[in-house]
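Colleague:
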Amino acid sequence: MPGFLDIPDEYTHPSSRVQIIPVPYDATSTYRKGADKGPQAMIDASAQIEWFDIETDAEHLSQGIHTQPPITCSATDPIELAPLVRARVAEALRNSQLPVVLGGEHSVSIGAIEAMAEHCDRFSVLQIDAHGDTRDTYHGSTHNHACVMARAREHASIVQVGIRAIDSEELTHMDQDRVYFGHEVDLWTRTHDLSWMDRVIDQLEDTVYLTIDLDAFDPSILPSTGTPEPGGMDWFTINELVRRVTKARKVVAFDVVELCPNPNHHASDFIAAKLVYRVMSEILSNT
Numbered sequence: 075m076p077g078f079l080d081i082p083d084e085y086t087h088p089s090s091r092v093q094i095i096p097v098p099y100d101a102t103s104t105y106r107k108g109a110d111k112g113p114q115a116m117i118d119a120s121a122q123i124e125w126f127d128i129e130t131d132a133e134h135l136s137q138g139i140h141t142q143p144p145i146t147c148s149a150t151d152p153i154e155l156a157p158l159v160r161a162r163v164a165e166a167l168r169n170s171q172l173p174v175v176l177g178g179e180h181s182v183s184i185g186a187i188e189a190m191a192e193h194c195d196r197f198s199v200l201q202i203d204a205h206g207d208t209r210d211t212y213h214g215s216t217h218n219h220a221c222v223m224a225r226a227r228e229h230a231s232i233v234q235v236g237i238r239a240i241d242s243e244e245l246t247h248m249d250q251d252r253v254y255f256g257h258e259v260d261l262w263t264r265t266h267d268l269s270w271m272d273r274v275i276d277q278l279e280d281t282v283y284l285t286i287d288l289d290a291f292d293p294s295i296l297p298s299t300g301t302p303e304p305g306g307m308d309w310f311t312i313n314e315l316v317r318r319v320t321k322a323r324k325v326v327a328f329d330v331v332e333l334c335p336n337p338n339h340h341a342s343d344f345i346a347a348k349l350v351y352r353v354m355s356e357i358l359s360n361t
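All residue numbers for the sequence shown refer to the working numbering, where the first residue is 75 and numbers rise by one.
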């Protein structure tokens, strides 16, 4: 089966610089199910992406992009998924490769962040997302998709961008100096004030794990996600933030999660796949 970008065999090998790690898992989504179909939908759509990346003025195939077999897990509690993801991501980090996790619901990020904690003494997690995801437990699980950033801050400093939906109890535990709420980002963007991106960067450690929940986008741009929220970010704002972060900090792993494919809106699949390649290209152009 073709891998990400459907590239020639000479550019894909287990020793390739980039390791695509699909995690088709969706056990705890609480609104629209289907995120387990997201990784394959991104891989399928990626076959239509042009290999030349305009913003970085390069094709990045020469460093190699290998798509690993999917991580499968039938457990209903993602606490059992975390070690499986952790092992794959940790191996890639040990080999100085770039692990790219394709979700799946957002809980797939927990194991990847745990692998980062094993690999790095100090790092930050930059979350681009509509939801805070800082509940300590949700529906009886500490590893629910709504608990991802609560688990992340046990290992790293966190910065949250685009947040538009939280539980009132979350607010009491959030460091609001490190939260960039969606309405603020929208105002700054409309007034052409991008200095907030510099503040984000200043709050990050030198080493960064990037997690992007696709509901960070406004649903008018990307509707095919399990829990869409109005008032989201646009394509160029997210890409500009990624560009600046990858230029100023070392992003050593990232994920893109929560695509819930809809056969009537194939553009969402393509946008998600294109975002994966754009983030990958920005990282590779700065390493």
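We put the CB at the ideal spot given by N, CA and C, even for glycine. Predicted, not measured: the structure shown is a model, and the values here were computed from it.
For residue 272, which residues in the same chain have their Cβ closer than 8 Å to its Cβ, ignoring the five residues on either side in sequence?
Modeller: Cβ neighbours of residue 272 beyond the five flanking positions: 318.
Colleague: Measuring CA to CA, which of 105, 163 and 241 is closest to residue 141?
Modeller: Nearest C-alpha to residue 141: 163.
Colleague: Taking the beta carbon of residue 310 as the centre, do at least 16 other beta carbons fall within 10 Å, making it buried, or is it exposed?
Modeller: Result: exposed.
Colleague: Restricting to Cα atoms, I'd like to know which of 75, 77, 96 and 235 is closest to residue 275.
Modeller: The residue with the shortest Cα to Cα distance from residue 275 is 235.
Colleague: State whether the segment 222-235 contacts the segment 262-269, with contact taken as three or more CB pairs (one from each stretch) at a distance under 8 Å.
Modeller: As far as the Cβ criterion goes, the segment 222-235 does not touch the segment 262-269, which means the pair count is below three.
Colleague: Between residue 179 and residue 130, is the Cβ-Cβ spacing less than 8 Å?
Modeller: No.
Colleague: Taking the alpha-carbon positions, what's the residue 295 to residue 241 distance?
Modeller: Approximately 25 Å between the Cα atoms of the pair.
Colleague: Counting only the same chain and skipping the five closest in sequence on each side, list residues whose C-beta sits under 6 Å from that of residue 219.
Modeller: So the list reads 102, 179, 180 and 181, once near-sequence residues are dropped.
Colleague: If we require 4 or more residues per run, which alpha helix (DSSP H) segments fall completely within the segment 88-127?
Modeller: Listed in chain order, the complete alpha helix (DSSP H) runs (minimum 4 residues) inside the segment 88-127 are 112-120.
Colleague: Can you give the beta carbon distance from residue 203 to residue 287, rounded, assuming they're within the 8 Å contact cut?
Modeller: At roughly 4 Å, the Cβ-Cβ gap stays under 8 Å, so residue 203 and residue 287 are in contact.
Colleague: In terms of alpha-carbon separation, which member of 351, 105 and 304 lies closest to residue 313?
Modeller: Measuring from the Cα of residue 313, the nearest candidate turns out to be 351.
Colleague: Counting only runs of 3+ residues fully inside the segment 174-225, write out the beta strand (DSSP E) ranges in chain order.
Modeller: Those beta strand (DSSP E) runs which fall completely within the segment 174-225 and span 3+ residues are 198-202.
Colleague: Considering only C-alpha positions, which residue in the set 250, 353, 258 and 194 is nearest to residue 280?
Modeller: Among 250, 353, 258 and 194, the Cα nearest to that of residue 280 belongs to 194.
Colleague: If we count Cβ pairs, one from each stretch, closer than 8 Å, do we get three or more for the segment 116-134 versus the segment 146-162?
Modeller: No contact exists between the segment 116-134 and the segment 146-162.
Colleague: Kindly indicate the opening and closing residues of the alpha helix (DSSP H) around residue 256.
Modeller: Residues 256-264.
Colleague: How is residue 281 classed by DSSP in three states: helix, strand or coil?
Modeller: Three-state result, residue 281: strand.
Colleague: Considering residue 242, what are the terminal residues of the alpha helix (DSSP H) in which it resides?
Modeller: Note, residue 242: alpha helix (DSSP H), 242-247.
Colleague: Closest by CA to residue 305, which one among 191, 197, 109 and 238?
Modeller: The residue with the shortest Cα to Cα distance from residue 305 is 238.
Colleague: Considering only residues of the same chain and omitting the five flanking positions on each side of residue 96, which have a CB-CB separation below 6 Å?
Modeller: Taken in chain order, the residues that qualify are 113, 144 and 176.
Colleague: Determine which residues share a DSSP beta bridge with residue 133 and list them.
Modeller: Partner(s): 126.
Colleague: Ordered along the chain, which non-local residues of its own chain (more than five positions away) have a Cβ less than 7 Å from that of residue 357?
Modeller: Closer than 7 Å at the Cβ level, and outside the excluded window around residue 357, lie 172, 320 and 325.
Colleague: Starting from residue 141, trace the beta strand (DSSP E) in both directions and tell me its first and last residue.
Modeller: Unbroken beta strand (DSSP E) run through residue 141: 139-141.
Colleague: Identify the continuous beta strand (DSSP E) that holds residue 230 and give its terminal residues.
Modeller: No beta strand (DSSP E) holds residue 230; DSSP gives it neither H nor E.
Colleague: Below 8 Å on the Cβ atoms is my contact criterion, and I expect residue 91 with residue 137 to pass it. Report the Cβ-Cβ distance as a whole number of Å.
Modeller: About 4 Å separates the two Cβ atoms, so the contact holds.
Colleague: Verify whether the separation of the beta carbon atoms of residue 99 and residue 83 is less than 8 Å.
Modeller: For residue 99 and residue 83, no; Cβs fall outside 8 Å.
Colleague: Going by beta carbon distance, what residues of the same chain come within less than 7 Å of residue 197, once the five residues before and after it are set aside?
Modeller: If we look at residue 197 and ignore the five residues flanking it on each side, its Cβ neighbours are 190, 230, 279, 281, 282 and 283.
Colleague: Measuring only the C-alpha atoms, how far is residue 354 from residue 187?
Modeller: Roughly 18 Å between the two C-alpha positions.
Colleague: Quick check: the Cα distance between residue 200 and residue 128, rounded to an integer number of angstroms?
Modeller: Cα to Cα, the separation comes out at about 25 Å.
Colleague: Determine the DSSP secondary structure at residue 296, reduced to helix, strand or coil.
Modeller: Three-state DSSP puts residue 296 in coil, outside helix and strand.
Colleague: Mark residue 333 as exposed unless 16 or more other C-beta atoms lie within 10 angstroms of its C-beta, in which case mark it buried.
Modeller: Looking at its Cβ environment, which holds 16 or more other Cβ atoms inside 10 Å, residue 333 is buried.
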